[in-house]
Amino acid sequence: MDDMTVETSQPLLIAGGGIAGLATSLALKQRGIESIVIEHRSLAADAGLAINLPGNAIAALENLGLHADIDRLGHPVRRREYRAQDDRVLAVIDEDAFWSDAMRPRAVRRADLIAMLGAHLDASANRLNRSVKGVRQDAATAYIQLDNGDELSAPLLVGADGVRSTVRQALMGTTHASASRLASASWRFMAPNPGVDGWTLWTGKRGMILLLPVDDRTVYGWVALASEDVGATELQKLHDVFKDFPERVRTALSWALAHPDDLYHSPIEEVRFDRWSEGRVVLLGDAAHATAPVWAQGAALAMEDAVALARLVAESDDIAGVGRRFEDARQSRVRHVQAMTDRLAKTARLPYGLRRLMMPFVVPRSYRATYDPLRRI
Ligand SMILES: Cc1cc2nc3c(=O)[nH]c(=O)nc-3n(C[C@H](O)[C@H](O)[C@H](O)COP(=O)(O)OP(=O)(O)OC[C@H]3O[C@@H](n4cnc5c(N)ncnc54)[C@H](O)[C@@H]3O)c2cc1C
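Taking our numbering, the leading residue of the sequence shown gets 397, the next gets one more, and so forth.
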């Protein structure tokens, strides 16, 4: 028995059972490596919402053996329309022509994505409903402390516990996520489709709103405000921000505002560090590199991370060195997404008149510049 077999015969530990943690557990399992996912929520707070998955996310799902599932549960996203607040079309992207059939983008409910990524887990053996409180390591082992006082150990610990990661905190000291340059907060909701045919984003003086069909009758909505925040108790202000937008927007938003319990307010925070690992602890997904969702790359990068990490663990005879090799393998792709996010955030913050003039030129160029490298797996 060689070193690698000895080390990976012990289950690895994964802190966080969101998209990144579940995808990592699945990718490891496909390579015959067991893991335990530690997750403190029975249901993610945003499980009722949807998510946009561009082509590279679909390729990652294919890699995870889930192509049939996303085919069944995802709604095809064939084209994007960027519109002004007076409904004028500023740019159209033919996503069908850009991505191949095998990589056709999809909108999917988050609960469905989480269920397909987690279907392989044996609830009694591979999942622990506990909160991670701390992490430590020595040369041979990583340890995780749980809220009940227990301590678990493994040859490798994966921090997939999201933008406010406890594992990152333990690894790097006091490290905070920072507000994104795009907007500090956003609102999300599901509503009856007011007549939207595909991915449609309206941009205006004080904010932008995306409506994305998730099935024949329902749209997912995402609202970001340009320079002001609307507190969780100030919902009526959203009516005011979007009062000059087209009827389709006002209809969907009015419906959402009439169902405030289903309206989801969240900060948009980013995480940018040069290092994602230390010894036997590796960060991935949002814990390593949360990025404002302008290019919808959070889930895609998290699932790509999972596939890459599992491959490195399976092929490595030095598990303590996997973290560094993972950083080498993944950082240039993530940096590309961060740079393109900053570029678009800059455009989004221009005065409305200028933005409206520039978008017909900037959007198609930025789309291609962002996604072209990501099409190459
Ligand atoms: C407004 C908004 C819109 C977005 N839209 C898109 C989109 O359209 N497309 C896209 O690809 N991405 C989008 N994203 C980003 C995407 O949601 C994230 O990138 C993705 O969820 C990252 O997954 P993750 O598993 O790394 O983190 P998370 O989804 O945050 O999962 C982390 C998990 O760890 C658990 N956890 C945390 N701390 C502990 C602890 N101490 N102990 C135990 N468990 C713990 C949490 O409960 C959670 O389940 C959006 C993000 C925002 C904010």
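Just so you know, even glycine gets a beta-carbon here, dropped at the ideal spot from N, CA and C.
For clarity, every value in this text was computed on a predicted model and none was experimentally measured.
Do residue j and residue i come within 8 Å of each other at the CB atom, strictly closer than that value?
i: I605; j: G591; result: no
i: H463; j: L469; result: no
i: R564; j: L679; result: yes
i: R726; j: A704; result: yes
i: L408; j: A515; result: no
i: V619; j: G603; result: yes
i: W691; j: T737; result: yes
i: Y478; j: V677; result: no
i: R474; j: D492; result: yes
i: V554; j: I410; result: yes
i: N544; j: R526; result: yes
Distance, Cα to Cα, residue i vs residue j?
i: Q426; j: L460; result: 8 Å
i: V667; j: Q734; result: 10 Å
i: L621; j: L542; result: 38 Å
i: I454; j: D482; result: 33 Å
i: T401; j: L513; result: Only weak support is given to the placement of T401: the predicted model assigns it a pLDDT of 46, under 50, and the value that follows is read from those uncertain coordinates. Taking the straight line joining both Cα atoms gives about 26 Å.
i: V615; j: V645; result: 11 Å
i: N649; j: I715; result: It should be noted that the sequence gives Leu, not Asn, for residue 649. About 50 Å.
i: L750; j: E630; result: 29 Å
i: D399; j: P656; result: With a pLDDT of 41 at D399, under the threshold of 50, the modelled position of this residue cannot be trusted; read the value that follows with caution. Looking at the two C-alpha atoms, the distance is approximately 55 Å.
i: S582; j: A498; result: 31 Å
i: T766; j: V709; result: 29 Å
i: L770; j: E435; result: 30 Å
i: Q406; j: L548; result: 11 Å
i: L746; j: E711; result: 47 Å
i: K639; j: L659; result: 18 Å
i: R387; j: D670; result: Absent from the structure is residue 387, since the part of the chain shown begins at 397 and ends at 773.
i: A511; j: R739; result: 34 Å
i: L697; j: W495; result: 17 Å
i: T537; j: L552; result: 7 Å
i: M397; j: G717; result: Confidence is the limiting factor: at M397 the pLDDT is only 36, short of 50, which leaves the residue's position unreliable and the question unanswerable from this model.
i: K742; j: D713; result: 44 Å
i: L753; j: M699; result: 36 Å
i: V637; j: A744; result: 16 Å
i: L607; j: D724; result: 37 Å
i: V613; j: T647; result: Checking the sequence, you will find Arg at residue 613 rather than Val. In a straight line, the C-alpha of R613 is about 14 Å away from that of T647.
i: L634; j: H572; result: 29 Å
i: A441; j: V559; result: 14 Å
i: A688; j: H661; result: 15 Å
i: V610; j: R720; result: 38 Å
i: A654; j: Q632; result: 10 Å
Under 8 Å by Cβ, that's how I've got residue i and residue j pegged, so tell me the actual separation to the nearest angstrom.
i: A683; j: S561; result: 4 Å
i: P472; j: R502; result: 6 Å
i: A587; j: A652; result: 5 Å
i: R584; j: L445; result: 5 Å
i: G681; j: I432; result: With 8 Å as the limit, G681 and I432 do not qualify as a contact, their Cβ atoms being about 17 Å apart.
i: I489; j: Y763; result: 5 Å
i: I773; j: N452; result: 7 Å
i: L509; j: A706; result: Actually they do not touch by this definition, with Cβ atoms about 18 Å apart.
i: Y539; j: V528; result: No, Y539 and V528 are not in contact; Cβ-Cβ is about 11 Å, not under 8 Å.
i: A507; j: A443; result: 4 Å
i: E674; j: L567; result: 5 Å
What does residue i pair with, by DSSP beta-bridge criteria?
i: H661; result: W583
i: P588; result: T614
i: V674; result: Per the sequence shown, the amino acid found at residue 674 is Glu instead of Val. Looking at the DSSP assignment, E674 forms a beta bridge with V677.
i: A535; result: A535 pairs with nothing; no bridge assigned.
i: M755; result: M755 pairs with nothing; no bridge assigned.
i: D490; result: R475
i: M512; result: Beta-bridge pairing links M512 to no other residue.
i: S650; result: BP columns for S650 are empty, so no partner.
i: P609; result: V615
i: W595; result: R476
i: M604; result: T599, A620
i: L548; result: I540
i: S574; result: E666
What's the call for residue i, buried or exposed, on a 16-neighbour Cβ count within 10 Å?
i: E643; result: exposed
i: A535; result: exposed
i: F722; result: buried
i: M755; result: buried
i: D768; result: exposed
i: R484; result: exposed
i: D557; result: buried
i: H685; result: buried
i: F641; result: buried
i: S421; result: buried
i: G412; result: buried
i: A419; result: buried
i: G388; result: Any answer about residue 388 is impossible in this case: the structure gives the chain only from 397 up to 773.
i: R500; result: buried
i: A695; result: buried
Any heavy atom of ligand 3 closer than 7 Å to the Cβ of residue i?
i: D483; result: Looking at this structure, you won't find ligand 3 anywhere; what it does contain is ligand 1.
Could one say the Cβ of residue i lies closer than 8 Å to chain C's Cβ atoms, at least one of them?
i: R523; result: Absent here is chain C; the protein component of the structure consists of one chain.
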